[in-house]
Amino acid sequence: MSTETMNWTTKEPMNSTGEEQDTVFNIISACAWILTVVLIILFNLLCLIILSRVKEFHDATKIFLKSMTVGDLVLGLFFYLPMIGVSLAGRKWPFGGLCFVQAWMIRQGLPAYSLSLLLVTIDRYVAVVYPLKYKKILTGRRAKITVITVWLLTNIYSLVSSIKANWKSDYNHNLFVCTFDGPGNELAAFLLTILSMAIILIIILMYLRILIIARSQAVMIAAQHPLVTITGELQSPPPVNRKSFTTIFIVTMTLFVGWLPSLVMGLMRRSDEISPQWRVASQIVLASVSWLNVIIYYVRNQAFRETGQTFLRKITRNCCGLCKENNNNSGQSYYTCSGSGQA
C-alpha cells in the first residue's frame, strides 16, 4: 500500500513536468510559425508586385517566377498558416472540415511549386545556352500555356487522390498535417519528396552542363580571337554571363537544404518514432525556403532590387498622405511633401 503511494507520488511530478514542457514547446512552435507565415505572405506579395513592375525581365521569365511565387503563397496560406492553430491546439487539428482543403492544397501546391522552379531553371538554361534563339523558343504565350498546364495537372493529381480516398481526409499525427492517405500512410509525402529531389538533380545537371559550355566557349574564343592589350599582352576573354542561372542554382540548393531534414525523416524505417520537436523544426526549415527565395532574388538580381527599392520608396513617401507623386513636363516623376518643396 505504501509502496504504491510512493510510486504514484513519484510519477506525478514527472507527468506534470512533461505536460509543462509540452505546453512551452507548443507555444514556441506557434510563435515560430507565426513569424514564418508572416514573412512568407509579406515577401511573396511584394515579389508579385515587383515582378509586375520590373521591365528588364523577359515575359516568359516573369510568368514562371510568378507561378513559383503563387506556389509559395498557396503553401503559406493552406499548409503553413494552419500549423499555428495546430501548435496552439496541442498538435491536434482544430479546424474541422477544412482538413480536406489543406489536404487538397498540399497535394497540389508542393508539386506545383517544384515544377515551377524547374520551369524557371529551364528558362534560364535556354537563355544562357541558346541566347540568340531564346525569345523564339520561350515566348510569353508558350510560357502561359506551360504554367496553366502545370497547375491543371497538379489539381488533377489532387482530384485523383481525393477520389481514391473516397473524398475523405485524415489528420496525420506523425506529420501534423491533413492528407488523403490515412493516419499511418506517409507514401504521398515520400513521393513528393522524391519528386523534389529528382527536380533538384535535374537542375544540378543543367548547371554542370552550363559550366562545361561556358568553359569550352571561353577556350574557343581565346583560340580564335585572342584579346591583346595596348602593351601587347594577351588578355583573357570575358566569361559567359551565367549569373541568372547561378541565382536559380542558389535557390535550388536552398530548397535542397530545406528538404533535407524531411527527406532524412521520410527515409527512416520508423518515422513514427521521430520526436515532435524534430518534426516541427524540419517543417519550419522547409517553410522558410518560401521567403528566403525572395531575399535571394533581391540580393542577386539588380533589376529586381532596383524596382523593389523604387516601389518601397514610393510606399514610404506616400505613407499617411505626407507625400504625393507628380510628373513634370518631361514625364519624370517627383514627390512633393507637406511642409517641403520638390523632393
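Numbering (the working numbering), first residue to last: 12 to 354. C-beta: ideal position from N, C-alpha, C; glycine also.
Tell me the rounded alpha-carbon separation between residue i and residue j.
i: Asp33; j: Arg290; result: 14 Å
i: Arg153; j: Thr72; result: 11 Å
i: Ser227; j: Lys103; result: 57 Å
i: Thr327; j: Tyr309; result: 18 Å
i: Glu30; j: Leu212; result: 43 Å
i: Ile167; j: Phe201; result: 19 Å
In the DSSP assignment, what are the bridge partners of residue i?
i: Asn183; result: Val188
On the criterion of 16 or more Cβ atoms from any shown chain inside 10 Å, does residue i qualify as buried, or is it exposed?
i: Gln366; result: Residue 366 is absent from the structure shown; the chain starts at 12 and stops at 354.
i: Arg324; result: exposed
i: Gln320; result: exposed
i: Ser127; result: buried
i: Gln313; result: exposed
i: Leu46; result: exposed
i: Ser63; result: exposed
i: Val171; result: exposed
i: Gly108; result: exposed
Could you check if residue i belongs to the surroundings of the ligand NAD, using beta carbon to heavy atom distance under 7 Å?
i: Leu50; result: This structure lacks the ligand NAD; in fact it carries no ligand of any kind.
Under a three-way DSSP split, which group does residue i fall into?
i: Pro105; result: coil
i: Tyr141; result: coil
i: Asn312; result: coil
i: Ile38; result: helix
i: Thr150; result: coil
i: Asn166; result: helix
i: Glu31; result: helix
i: Asn329; result: coil
i: Glu366; result: The requested residue 366 does not occur in the structure, where the chain is confined to residues 12 to 354.
i: Asn177; result: coil
i: Ala298; result: helix
i: Ala100; result: coil
Do three or more CB pairs link the region 292-307 to the region 270-277 at distances below 8 Å? Between the region 292-307 and the region 270-277, the count of C-beta pairs closer than 8 Å reaches three or more; the two stretches touch.
Validate contact between the region 108-115 and the region 172-180 using beta carbons, cut 8 Å, 3 pairs: yes
Taking one C-beta from the region 132-141 and one from the region 211-225 each time, how about it: are there three or more such pairs within less than 8 Å? The answer is yes - the region 211-225 touches the region 132-141, with three or more Cβ pairs under 8 Å.
Are three or more beta carbon pairs between the region 50-62 and the region 77-85 nearer than 8 Å? Here the region 50-62 makes contact with the region 77-85; the two share three or more CB pairs at distances below 8 Å.
For the 8 Å Cβ check, are there 3 or more pairs between the region 81-99 and the region 34-54? yes
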